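Please read the structure below before turning to the comments.
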Amino acid sequence: MKTIHIIQKTAGKISLLLAPCLIGCLLALQAYAQPASSQADTSAASTSNPLPRWTFNINPLGLLQFGPIAQGEFKISKQGYLVPHIRIPYLGVLYHVVNWDDQSDDVAVSPLALGLGAGYKTLFPVEKGAWYVGGALDYSFGSSTGYDMGDWESHFQNIAIMSNGGFRWRSATKRSVLSVGAYVGVSLPIQDEWSGSSGSGDDRTVLPMAMLELSFGWEHK
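Numbering (mature numbering (1 follows the signal peptide of the UniProt record, and there is no 0)), first residue to last: -33 to -1, 1 to 188.
In C-alpha coordinates:
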(Lines of atoms letter the chains of each structure in order from A and count residues from 1; the text may use other names and numbers.)
(Lines give C-alpha, C1' and ligand atoms only; values in the text may rest on other atoms or scores of the structure.)
Protein backbone atom coordinates (compact mmCIF):
# COMPACT_ATOMS: atom_id res chain seq x y z
CA MET A 1 0.00 0.00 0.00
CA LYS A 2 2.96 2.37 0.50
CA THR A 3 3.63 2.08 -3.23
CA ILE A 4 0.16 3.40 -4.00
CA HIS A 5 0.85 6.41 -1.77
CA ILE A 6 4.11 7.17 -3.62
CA ILE A 7 2.43 6.80 -7.03
CA GLN A 8 -0.37 9.16 -6.00
CA LYS A 9 2.15 11.84 -4.97
CA THR A 10 4.08 11.41 -8.23
CA ALA A 11 0.92 11.57 -10.34
CA GLY A 12 -0.13 14.74 -8.53
CA LYS A 13 3.19 16.44 -9.28
CA ILE A 14 3.14 15.32 -12.93
CA SER A 15 -0.41 16.57 -13.43
CA LEU A 16 0.53 19.95 -11.93
CA LEU A 17 3.38 20.28 -14.42
CA LEU A 18 0.81 20.20 -17.22
CA ALA A 19 -0.57 23.57 -16.11
CA PRO A 20 2.27 25.81 -17.45
CA CYS A 21 2.18 23.96 -20.77
CA LEU A 22 -1.53 24.55 -21.09
CA ILE A 23 -1.28 28.22 -20.17
CA GLY A 24 1.18 28.64 -23.04
CA CYS A 25 -1.22 26.88 -25.40
CA LEU A 26 -4.11 29.08 -24.32
CA LEU A 27 -2.07 32.24 -24.88
CA ALA A 28 -1.22 31.02 -28.37
CA LEU A 29 -4.87 30.27 -29.02
CA GLN A 30 -5.81 33.75 -27.87
CA ALA A 31 -3.42 35.31 -30.36
CA TYR A 32 -4.93 33.19 -33.12
CA ALA A 33 -8.57 33.53 -32.14
CA GLN A 34 -8.55 37.29 -31.50
CA PRO A 35 -5.60 38.92 -33.29
CA ALA A 36 -6.94 42.47 -33.11
CA SER A 37 -9.77 42.29 -30.63
CA SER A 38 -11.52 45.21 -29.02
CA GLN A 39 -14.64 45.84 -27.00
CA ALA A 40 -16.43 46.66 -30.24
CA ASP A 41 -15.44 43.29 -31.71
CA THR A 42 -16.68 41.49 -28.61
CA SER A 43 -20.02 43.31 -28.73
CA ALA A 44 -20.43 42.52 -32.43
CA ALA A 45 -19.65 38.85 -31.85
CA SER A 46 -22.22 38.67 -29.06
CA THR A 47 -24.87 40.21 -31.31
CA SER A 48 -24.19 38.08 -34.40
CA ASN A 49 -23.84 34.81 -32.47
CA PRO A 50 -25.63 35.11 -29.10
CA LEU A 51 -24.66 32.81 -26.26
CA PRO A 52 -26.76 29.62 -26.02
CA ARG A 53 -29.45 28.83 -23.46
CA TRP A 54 -27.73 25.56 -22.65
CA THR A 55 -24.89 23.37 -23.88
CA PHE A 56 -24.02 19.70 -23.46
CA ASN A 57 -20.29 18.77 -23.54
CA ILE A 58 -18.31 15.53 -23.44
CA ASN A 59 -14.58 15.50 -22.62
CA PRO A 60 -13.20 12.23 -24.09
CA LEU A 61 -9.63 13.27 -23.20
CA GLY A 62 -10.55 12.11 -19.71
CA LEU A 63 -10.07 8.55 -20.99
CA LEU A 64 -6.33 9.22 -20.66
CA GLN A 65 -6.68 11.00 -17.31
CA PHE A 66 -9.16 10.56 -14.43
CA GLY A 67 -12.15 9.51 -16.49
CA PRO A 68 -14.32 11.06 -19.23
CA ILE A 69 -16.58 13.92 -18.18
CA ALA A 70 -20.10 14.75 -19.36
CA GLN A 71 -21.42 18.15 -18.37
CA GLY A 72 -24.34 20.47 -18.99
CA GLU A 73 -24.21 24.26 -19.02
CA PHE A 74 -27.44 26.08 -18.16
CA LYS A 75 -27.63 29.84 -18.59
CA ILE A 76 -28.55 31.68 -15.39
CA SER A 77 -27.37 35.19 -16.26
CA LYS A 78 -26.24 37.21 -19.27
CA GLN A 79 -22.92 35.37 -19.52
CA GLY A 80 -23.02 32.98 -16.57
CA TYR A 81 -23.80 29.26 -16.56
CA LEU A 82 -24.51 26.65 -13.90
CA VAL A 83 -22.43 23.57 -14.81
CA PRO A 84 -23.32 20.16 -13.29
CA HIS A 85 -21.16 17.21 -14.36
CA ILE A 86 -20.61 13.48 -14.00
CA ARG A 87 -17.24 11.73 -14.31
CA ILE A 88 -16.54 8.01 -14.80
CA PRO A 89 -13.13 7.41 -13.09
CA TYR A 90 -12.95 3.69 -13.95
CA LEU A 91 -12.58 4.57 -17.65
CA GLY A 92 -9.54 6.81 -17.04
CA VAL A 93 -6.02 5.42 -17.57
CA LEU A 94 -4.35 7.73 -15.03
CA TYR A 95 -6.97 6.78 -12.44
CA HIS A 96 -5.85 3.15 -12.65
CA VAL A 97 -2.17 4.17 -12.51
CA VAL A 98 -2.75 6.20 -9.33
CA ASN A 99 -4.46 3.25 -7.64
CA TRP A 100 -1.94 0.62 -8.77
CA ASP A 101 0.38 -1.18 -6.33
CA ASP A 102 3.28 -3.05 -7.95
CA GLN A 103 4.03 -4.82 -4.66
CA SER A 104 0.61 -6.49 -4.65
CA ASP A 105 -0.93 -9.17 -6.82
CA ASP A 106 -4.35 -9.17 -8.46
CA VAL A 107 -4.96 -5.45 -7.89
CA ALA A 108 -8.48 -4.56 -9.05
CA VAL A 109 -10.18 -1.17 -9.03
CA SER A 110 -13.94 -1.18 -8.57
CA PRO A 111 -15.90 -0.14 -11.69
CA LEU A 112 -18.49 1.46 -9.38
CA ALA A 113 -16.28 4.51 -8.79
CA LEU A 114 -18.03 7.76 -9.63
CA GLY A 115 -17.38 11.49 -9.69
CA LEU A 116 -20.18 14.06 -9.34
CA GLY A 117 -20.05 17.81 -9.10
CA ALA A 118 -21.09 21.26 -10.22
CA GLY A 119 -19.56 24.60 -11.00
CA TYR A 120 -20.04 28.04 -12.47
CA LYS A 121 -18.71 29.26 -15.81
CA THR A 122 -18.62 32.67 -17.49
CA LEU A 123 -18.36 32.98 -21.29
CA PHE A 124 -16.79 35.98 -23.02
CA PRO A 125 -17.83 36.00 -26.72
CA VAL A 126 -15.32 36.96 -29.39
CA GLU A 127 -15.32 36.77 -33.16
CA LYS A 128 -14.50 33.07 -33.51
CA GLY A 129 -16.09 31.74 -30.35
CA ALA A 130 -15.82 32.49 -26.65
CA TRP A 131 -13.29 32.48 -23.85
CA TYR A 132 -14.52 30.86 -20.68
CA VAL A 133 -13.43 30.83 -17.06
CA GLY A 134 -14.97 29.34 -13.94
CA GLY A 135 -14.63 26.95 -11.07
CA ALA A 136 -15.97 23.55 -10.02
CA LEU A 137 -16.26 21.10 -7.13
CA ASP A 138 -15.95 17.37 -7.79
CA TYR A 139 -16.84 14.69 -5.24
CA SER A 140 -15.60 11.18 -6.05
CA PHE A 141 -15.49 7.80 -4.36
CA GLY A 142 -14.11 4.36 -5.18
CA SER A 143 -12.42 1.24 -3.87
CA SER A 144 -9.77 -1.31 -4.82
CA THR A 145 -8.60 -4.75 -3.71
CA GLY A 146 -5.39 -6.77 -3.95
CA TYR A 147 -3.11 -9.32 -2.34
CA ASP A 148 0.13 -8.53 -0.45
CA MET A 149 0.96 -11.20 2.12
CA GLY A 150 -2.80 -11.42 2.52
CA ASP A 151 -5.89 -9.87 0.99
CA TRP A 152 -6.43 -6.14 1.41
CA GLU A 153 -9.05 -3.62 0.38
CA SER A 154 -8.98 0.15 0.09
CA HIS A 155 -11.77 2.73 0.18
CA PHE A 156 -11.34 6.36 -0.80
CA GLN A 157 -13.35 9.57 -1.16
CA ASN A 158 -12.10 12.93 -2.41
CA ILE A 159 -13.31 16.46 -3.02
CA ALA A 160 -11.50 18.37 -5.76
CA ILE A 161 -11.61 22.17 -5.87
CA MET A 162 -10.72 23.34 -9.37
CA SER A 163 -10.53 26.42 -11.55
CA ASN A 164 -11.36 25.96 -15.22
CA GLY A 165 -10.55 28.03 -18.27
CA GLY A 166 -10.09 27.79 -22.01
CA PHE A 167 -11.39 28.74 -25.44
CA ARG A 168 -14.48 27.50 -27.28
CA TRP A 169 -14.97 27.60 -31.02
CA ARG A 170 -18.55 28.45 -31.95
CA SER A 171 -20.36 28.99 -35.24
CA ALA A 172 -23.45 31.07 -35.95
CA THR A 173 -24.65 28.42 -38.41
CA LYS A 174 -23.83 25.21 -36.48
CA ARG A 175 -24.83 23.82 -33.10
CA SER A 176 -21.58 21.90 -32.55
CA VAL A 177 -18.78 23.43 -30.45
CA LEU A 178 -15.17 22.52 -29.63
CA SER A 179 -13.52 23.54 -26.35
CA VAL A 180 -9.84 23.41 -25.37
CA GLY A 181 -8.84 24.21 -21.81
CA ALA A 182 -7.79 22.87 -18.44
CA TYR A 183 -8.75 22.21 -14.84
CA VAL A 184 -6.21 23.16 -12.18
CA GLY A 185 -6.74 22.75 -8.46
CA VAL A 186 -6.28 20.58 -5.41
CA SER A 187 -7.69 17.22 -4.30
CA LEU A 188 -8.75 17.00 -0.64
CA PRO A 189 -9.12 13.45 0.71
CA ILE A 190 -12.13 12.68 2.88
CA GLN A 191 -11.21 9.00 3.16
CA ASP A 192 -8.22 6.95 2.00
CA GLU A 193 -8.10 3.88 4.20
CA TRP A 194 -6.89 0.36 3.59
CA SER A 195 -7.16 -2.77 5.70
CA GLY A 196 -6.15 -6.41 5.41
CA SER A 197 -4.60 -9.37 7.16
CA SER A 198 -1.31 -7.47 7.56
CA GLY A 199 -2.90 -4.48 9.26
CA SER A 200 -4.56 -1.22 8.29
CA GLY A 201 -3.61 2.34 7.45
CA ASP A 202 -4.78 5.82 6.55
CA ASP A 203 -3.03 7.43 3.55
CA ARG A 204 -4.96 10.70 3.29
CA THR A 205 -2.81 13.35 1.60
CA VAL A 206 -3.72 16.65 -0.04
CA LEU A 207 -2.50 16.58 -3.64
CA PRO A 208 -2.32 19.12 -6.49
CA MET A 209 -4.13 18.13 -9.64
CA ALA A 210 -4.57 19.25 -13.23
CA MET A 211 -6.56 17.88 -16.14
CA LEU A 212 -6.52 18.91 -19.78
CA GLU A 213 -9.83 19.51 -21.53
CA LEU A 214 -10.74 18.71 -25.13
CA SER A 215 -14.53 18.77 -25.21
CA PHE A 216 -17.02 18.29 -28.00
CA GLY A 217 -20.48 19.72 -27.46
CA TRP A 218 -23.84 20.80 -28.77
CA GLU A 219 -25.57 24.05 -27.87
CA HIS A 220 -29.21 25.14 -27.92
CA LYS A 221 -29.82 28.77 -28.79
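Yeah, the Cβ is synthetic: ideal placement off N, Cα and C, and Gly gets one too. Here the structure is a predicted model, which means the values were calculated and not measured.
Look at V173 here: in three-state DSSP terms it is coil, with no helix or strand label. Contact between G34 and V50 is absent: CB atoms are separated by about 17 Å, not below the 8 Å threshold. Assignment of P35 by DSSP, reduced to helix, strand and coil, places it in the coil class. Partner residues in the beta bridge of R135, as assigned by DSSP, are A97 and S146.
Annotated three-state conformation of P17 is coil, per DSSP. Under DSSP, I126 shares a beta bridge with Y106 and L155.
Burial is judged here by how many other beta carbons sit within 10 angstroms of a residue's own beta carbon; F183 has fewer than 16 and is exposed.
Under the three-state reduction of DSSP output, P78 falls in the coil class, being neither helix nor strand.
Here G163 carries a strand assignment [DSSP, helix/strand/coil]. The beta-carbon separation of S77 and G109, rounded to 6 Å, stays under the 8 Å limit for a contact.
Burial is judged here by how many other beta carbons sit within 10 angstroms of a residue's own beta carbon; Q32 has at least 16 and is buried.
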